[in-house]
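Numbering (this note's numbering), first residue to last: 488 to 1211.
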């Protein structure tokens, strides 16, 4: 089936012979990672693979890299950069900047900066996400590390010491630091600093920064404090002072807050002359506040809110402003009235609403636990629509459920709030479903065809760097002409070749970098990946198509976003243990995204994410020996049995069973005893663990979509079954 699918996708490929082989033979060898066909081929002939189409230097380079043949991979990436067209040659350049020799990497990074400033740079603003390791700051760090590795110490315009001070310490900078100290006195005088930084100050400062990275906080702070007392201007640059203040926070005591504050009144003349005194004063106020905040239990926190306010007033960047406001709100969590007052003051002025989602979440959870419905209504009022969209939807739903604590009496009805939660531009399918249920709207009336109503948080797509030409004026036009679908950067042939060559994760990495992915292309590639047994990547690819295009949402696309792999195993286990298939699929999707070999940081294994000890207990009960949790059928059977057993121990309460699956039945019983005398939806909001709350939301929302797509269920029926 996969072969037929790929033949369809690749029907437009050329049949040119290359190096004595036709395309089919060549691709079969690449898929087997048998590169013996390259033995008689000279590097000057590597460009010939472009006869297959644009991007094939990149494909073969990735295949060689995966097989451990780094040297030949570099050669193909180099050929691709020199002879291919954008965006394919830029993908090759990215790889050269990562895996080339030191000289190749430096040249690639220089080329990258030049290209970014040319017309090619529009590719990374209009159609493609810039990889994080090639952002401006990252390039500067990478280039500097290469210069140090090559011993080119005099090529830093302001000297090595200033270069170190201008950035966070990277692993490479830490590793190369001892070599810098081996410079002779004559070399050090010209290479280390062009602005008179003493070598001993640079030495001690950098060692203290390295100690901070190793969490040797007290040793780090002892050095930093002495240097700060001497008012060395080198200590008052942004990154160095930030590190010094962090050392004080984690390695000092409450009295160090006064010491940091005192520095604001006696900054070095060089700091004042450079205009960086504002940033220095912000950092000193901010970390003084954090030190008092941390030591609040010792009775030293009374001035923290004042100092946070001082830091807010001194912030010169949006990020600094939002960071200081966040910590002030975190400090005020114990005083709900003061918290609400601060939200009213700062919400209209903050910049990144998503930055505050967790601190608002903590306030909301505590409000539900206390049954303080009025505070939730007051928060909704104070925010005035300035929270992130999902938080706004959550508060609208809660105000509808609790009457807003009377805050909106005579101004807004419960229905008004439900409509806000239902119609709002947010990605919380959970609150949309619950609100639709309360409004009496069937799922079919708003799911298909309405994009903002079906994009769901559990399918969030990151923007990872790719795993992974001719410099002509019209190269940008050439790139546009090679795209098969409007808005898509790459040809269908190029993307299909990833699947054919077994480069599954590399394909997703390239797709995830694209700002636009058409639903049609996403469905085709998702099907190809699923046929290859790559269900997790098939799902992620379909989610890309849902999130990164403006076309209508069809049931065909939804079925790729909410697929049913291993249907026979799921149906058999669900029937045998008495669970609904839609709930089982929702659990598997939420737990593993259908990746059978995934292992969590805690050690949970496979599709249903079972801990080894739990699996062993299940195996004894099922009288199973010699099991393999990486086997999909076994893992599904064990996971379904475990969920059914939990539901049985909790009198059939599926919501509590799902919580127990995630956090353990002992914790859930404790939460139920403390917070559980409310309706199920409000019990979810009172659960202390944010991961468990979100888990409940994801599973219910996914179960509702599965119920709609495959089992002829309404949202009301799904909600009723889980919340009974």
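We put the CB at the ideal spot given by N, CA and C, even for glycine.
Since the structure is predicted, the reported quantities are computational estimates derived from the model, not experimental observations.
Cβ of residue i within 7 Å of any chain B Cβ
{"i": "residue 1144", "result": "Of the chains in the structure shown, none is chain B; there is only one protein chain."}
Where residue i sits in the DSSP three-state scheme
{"i": "residue 928", "result": "coil"}
{"i": "residue 1174", "result": "coil"}
{"i": "residue 977", "result": "coil"}
{"i": "residue 1198", "result": "coil"}
{"i": "residue 1165", "result": "coil"}
{"i": "residue 1097", "result": "strand"}
{"i": "residue 894", "result": "coil"}
{"i": "residue 830", "result": "helix"}
{"i": "residue 615", "result": "strand"}
{"i": "residue 793", "result": "helix"}
{"i": "residue 1086", "result": "strand"}
{"i": "residue 851", "result": "helix"}
Residue j beta carbon less than 7 Å from that of residue i
{"i": "residue 819", "j": "residue 829", "result": "yes"}
{"i": "residue 799", "j": "residue 743", "result": "no"}
{"i": "residue 546", "j": "residue 988", "result": "yes"}
{"i": "residue 767", "j": "residue 754", "result": "yes"}
{"i": "residue 1183", "j": "residue 1133", "result": "no"}
{"i": "residue 994", "j": "residue 985", "result": "yes"}
{"i": "residue 505", "j": "residue 550", "result": "no"}
{"i": "residue 1147", "j": "residue 1126", "result": "no"}
{"i": "residue 1210", "j": "residue 1142", "result": "yes"}
{"i": "residue 1105", "j": "residue 1128", "result": "yes"}
{"i": "residue 596", "j": "residue 630", "result": "yes"}
{"i": "residue 997", "j": "residue 1035", "result": "no"}
{"i": "residue 684", "j": "residue 636", "result": "no"}
{"i": "residue 802", "j": "residue 831", "result": "no"}
{"i": "residue 1074", "j": "residue 1155", "result": "no"}
Terminal residues of the alpha helix (DSSP H) in which residue i lies
{"i": "residue 1206", "result": "1202-1210"}
{"i": "residue 889", "result": "876-889"}
{"i": "residue 507", "result": "Here residue 507 belongs to no alpha helix (DSSP H), and DSSP marks it neither H nor E."}
{"i": "residue 1081", "result": "Residue 1081 -> no alpha helix (DSSP H), and no H or E assigned at all."}
{"i": "residue 708", "result": "704-716"}
{"i": "residue 991", "result": "991-1000"}
{"i": "residue 639", "result": "Here residue 639 belongs to no alpha helix (DSSP H), and DSSP marks it neither H nor E."}
{"i": "residue 543", "result": "543-553"}
{"i": "residue 1119", "result": "1119-1136"}
{"i": "residue 753", "result": "Unbroken run through residue 753: none, as it is neither H nor E."}
{"i": "residue 650", "result": "647-652"}
{"i": "residue 581", "result": "575-586"}
{"i": "residue 904", "result": "901-910"}
Distance cut-off 6 Å: residue i Cβ against heavy atoms of the ligand SAH
{"i": "residue 1114", "result": "Absence of the ligand SAH from the depicted structure is noted, as is the absence of any ligand whatsoever, leaving it without description."}
Cα-Cα separation between residue i and residue j, rounded to whole angstroms
{"i": "residue 839", "j": "residue 529", "result": "54 Å"}
{"i": "residue 1139", "j": "residue 620", "result": "50 Å"}
{"i": "residue 892", "j": "residue 862", "result": "7 Å"}
{"i": "residue 1199", "j": "residue 1207", "result": "15 Å"}
{"i": "residue 1048", "j": "residue 915", "result": "16 Å"}
{"i": "residue 904", "j": "residue 921", "result": "12 Å"}
{"i": "residue 886", "j": "residue 1029", "result": "34 Å"}
{"i": "residue 657", "j": "residue 1099", "result": "36 Å"}
{"i": "residue 1053", "j": "residue 1042", "result": "20 Å"}
{"i": "residue 775", "j": "residue 1174", "result": "33 Å"}
{"i": "residue 1268", "j": "residue 521", "result": "A query on residue 1268 cannot be resolved here, the shown segment of the chain reaching from 488 to 1211 and no further."}
{"i": "residue 939", "j": "residue 919", "result": "In this prediction, residue 939 scores a pLDDT of 48, lower than 50, which makes its location untrustworthy; the coordinate-derived value is nonetheless stated afterwards. Cα to Cα, residue 939 sits roughly 10 Å from residue 919."}
{"i": "residue 696", "j": "residue 848", "result": "34 Å"}
{"i": "residue 492", "j": "residue 1020", "result": "Here residue 492 scores only 47 on pLDDT, less than 50, and its place in the model is too uncertain to base an answer on."}
{"i": "residue 678", "j": "residue 827", "result": "54 Å"}
{"i": "residue 523", "j": "residue 556", "result": "12 Å"}
{"i": "residue 564", "j": "residue 1032", "result": "28 Å"}
{"i": "residue 733", "j": "residue 793", "result": "20 Å"}
{"i": "residue 837", "j": "residue 913", "result": "19 Å"}
{"i": "residue 897", "j": "residue 883", "result": "16 Å"}
Taking 8 Å as the threshold, find out whether the segment 639-656 comes into contact with the segment 717-731 through three or more Cβ pairs. In this structure the segment 639-656 touches the segment 717-731; the number of beta carbon pairs closer than 8 Å is three or more.
Using 8 Å as the threshold, is the segment 1195-1206 in touch with the segment 1063-1070, meaning 3 or more CB pairs across them? These segments touch.
For the segment 866-880 against the segment 835-844, do three or more pairs of beta-carbon atoms, one drawn from each stretch, fall closer than 8 Å, so that the two count as touching? In short, these stretches touch, since the Cβ pair count reaches three.
I want to know whether the segment 567-583 touches the segment 539-557 - three or more CB-CB distances under 8 Å. A contact exists between the segment 567-583 and the segment 539-557.
Kindly confirm or deny that the segment 1022-1029 and the segment 1080-1093 touch, where touching means at least three C-beta pairs closer than 8 Å. Below 8 Å, enough C-beta pairs join the segment 1022-1029 and the segment 1080-1093 to call them touching: three or more.
Count the CB pairs spanning the segment 584-593 and the segment 552-566 that are closer than 8 Å, and state whether there are at least three. The segment 584-593 vs the segment 552-566: in contact.
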